[in-house]
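Just below is one structure, and these are the notes that go with it.
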Amino acid sequence: MLLPLFDNNPTRRWPVVTILLILINAAIHFFVAQMSDQEVRTFYAHWGFVPQRIDQLSDPDLVVKVPVQSEEEPVDEERAEEAENQPEQVVELKADSAAIIATLFTTMFLHGSWLHLLANMWMLWIFGNNIEDRLGHLIYILFYALCGLLATACHGFVDAHSPVPVVGASGAIAGILGGYAITYPTARVKTIVFLGFIFFLADIPAMIVLGLWFVMEFVQLHAQLLDPQVGGIAFAAHVGGFVAGLLLMPLFAMGTPDPGAHWEDEIEEAFGGSRPITR
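For any residue, its number in my numbering is found by taking its place in the sequence shown, counting from 1, and adding 980.
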């Protein structure tokens, strides 16, 4: 297992968009965390992406029923019997094209837990600032959003008729990882390497860190396709987002000047012949 800590890849632009994305995601999850379990499930039913709702675009009469039953176990036999006799709790979603399209974007700002949020924002901070530096703030937003949309589309294709909402920025961030891998393949990433109970620090090229991450996601997607019962994580979105980033990054960067092409010479000149120390 590899855990990236930071990359040795200085930037020249302040990562305003990356910081805003992190703050917005954190603020939204803080808001959601104040809700009860039932309220959270209902909230995600409305604002997460539900693959089955795509069918409503061609069948306006279709009502999608999203299960929102709490997973909490009854604590005694009496409550267990009561729970068995209660009808399944669902949220009924009628066809609404605007709402369906909106969830393609809102799903990128929702997370299932604080750990889910932390993992995503950690990777976004490490690798997103360099992609923002390369593309510029506005193009970076478009790149991030498009990767997220394509990642969600991949999940929707693989799990087309599922009534279960998918949430998370993982697909969009996977696109950032793909873009980084093709743009800065030799950048060194300070990484904790876990080998069983042994771990150590190492400087590893980004192509290896991100390449191994992609291989693991692809293997888990393959296992998920073989056994649909293996759920809980949208591996198709991760794989789709990464591939989208790989393919789209050269296109987005094509008409964008590279601020880092001669960053060492420019910084040396700005500091009068001495370069600042970078980690």
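By construction, the Cβ of each residue, glycine as well, lies at the ideal position given by its N, Cα and C atoms. It should be emphasised that the depicted structure is a prediction, and the values quoted were computed from it without experimental measurement.
Do residue j and residue i have their beta-carbon atoms positioned less than 8 Å apart in this structure?
i, j, result
"Pro1031", "Gly1136", "yes"
"Leu1126", "Leu1084", "no"
"Gly1108", "Thr998", "yes"
"Leu1090", "Val1147", "yes"
"Gly1158", "Val1223", "yes"
"Leu1042", "Ala1078", "no"
"Asn1110", "Ala1149", "no"
"Gly1028", "Pro1145", "yes"
"Glu1112", "Arg993", "yes"
"Pro1234", "Thr1163", "The sequence as given places Met at residue 1234; Pro does not occur at that position. For Met1234 and Thr1163, no; Cβs fall outside 8 Å."
With a CB to CB cut of under 6 Å and the five nearest residues on each side skipped, what residues in its chain are close to residue i?
i, result
"Val1026", "For the record, residue 1026 in the displayed sequence is His; it is not Val. So no residue of the chain qualifies."
"Val1169", "Pro984, Asp987, Ile1184, Ala1186 and Val1189"
"Gln1200", "Phe1215"
"Glu1167", "At residue 1167 the sequence reads Ala, which differs from the Glu that was named. Here the set comprises Asp987, Asn989 and Ala1186."
"Phe1251", "For Phe1251, the predicted structure reports a pLDDT of 42, less than 50, and the residue's modelled location is therefore unreliable. The matter cannot be settled from this model."
"Glu1019", "none"
"Ile1002", "Met1101"
"Pro995", "Asn1109 and Glu1112"
Going by DSSP, name the residue or residues bridged to residue i.
i, result
"Pro984", "Thr1171"
"Leu1073", "Val1044"
"Phe1194", "Beta-bridge pairing links Phe1194 to no other residue."
"Ala1013", "Note: Ala1013 sits in no beta bridge, so no partner."
"Ala1133", "For Ala1133, which the question treats as bridged, DSSP gives no partner whatsoever."
"Ile1178", "Leu1175"
"Val1146", "Phe1029"
"Asp1183", "Lys1170"
Would you please state the rounded distance, in angstroms, between the beta carbons of residue i and residue j? I believe it to be under 8 Å.
i, j, result
"Tyr1124", "Ala1161", "Actually they do not touch by this definition, with Cβ atoms about 16 Å apart."
"Leu1097", "Ala1006", "7 Å"
"Ile1156", "Leu1104", "6 Å"
For residue i, which residues from the same chain have a beta carbon less than 8 Å from its beta carbon, with the 5 sequence-adjacent residues on both sides left out?
i, result
"Thr1236", "Arg1114, Leu1115, Gly1116 and Ile1119"
"Leu982", "Thr1171, Ile1172, Val1173, Phe1174, Ile1184, Val1189, Leu1192 and Trp1193"
"Ile1004", "Phe1089"
"Leu1000", "none"
Nearest to residue i by CA position, among the options, is which residue?
i, options, result
"His1009", "Leu1205, Pro1143, Gly1158 and Gly1092", "Gly1092"
"Val941", "Trp1105, Ala1154 and Arg1021", "The structure shown does not extend to residue 941, since the chain is modelled only from 981 to 1259, so the question has no answer here."
"Ala1133", "Val1048, Glu1019, Met1088 and Trp1102", "Met1088"
"Tyr1024", "Asn1110, Leu1205, Gln1069 and Thr1086", "Thr1086"
"Asn1037", "Gln1204, Arg1021, Ile1081 and Ala1007", "Before going further, note that residue 1037 is Leu rather than Asn in the sequence given. Comparing Cα positions, the closest option is Ile1081."
"Pro1143", "Ile1213, Leu1003, Val1048 and Val1012", "Val1048"
"Ala1140", "Ala1006, Asp1017, Arg1033 and Val1012", "Arg1033"
"Leu1226", "Ala1131, Ser1077 and Phe1011", "Ala1131"
"Leu1122", "Ala1203, Leu1231 and Val1012", "Leu1231"
"Asp1035", "Phe1180, Leu1073, Val996 and Ile1178", "Leu1073"
"Gln1014", "Ile1178, Pro1040 and Trp1094", "Trp1094"
"Leu1205", "Val1138, Gly1212 and Phe1180", "Val1138"
Beta-carbon within less than 7 Å of residue i's beta-carbon, same chain only, minus the 5 sequence neighbours each way: which residues are those?
i, result
"Val1046", "Ala1025, Val1030, Val1070, Val1071, Leu1073, Pro1143 and Pro1145"
"Ala1182", "Thr1171 and Val1173"
"Pro1165", "Pro1185, Ala1186 and Met1187"
"Ile1106", "Pro984, Phe986 and Asp987"
"Glu1246", "Legend: pLDDT at Glu1246 = 45, less than 50; position of this residue unreliable, value from coordinates given subsequently. Taken in chain order, the list of residues that qualify is empty."
"Phe1198", "Val1219"
"Phe1180", "Val1173"
"Pro1040", "Ala1075"
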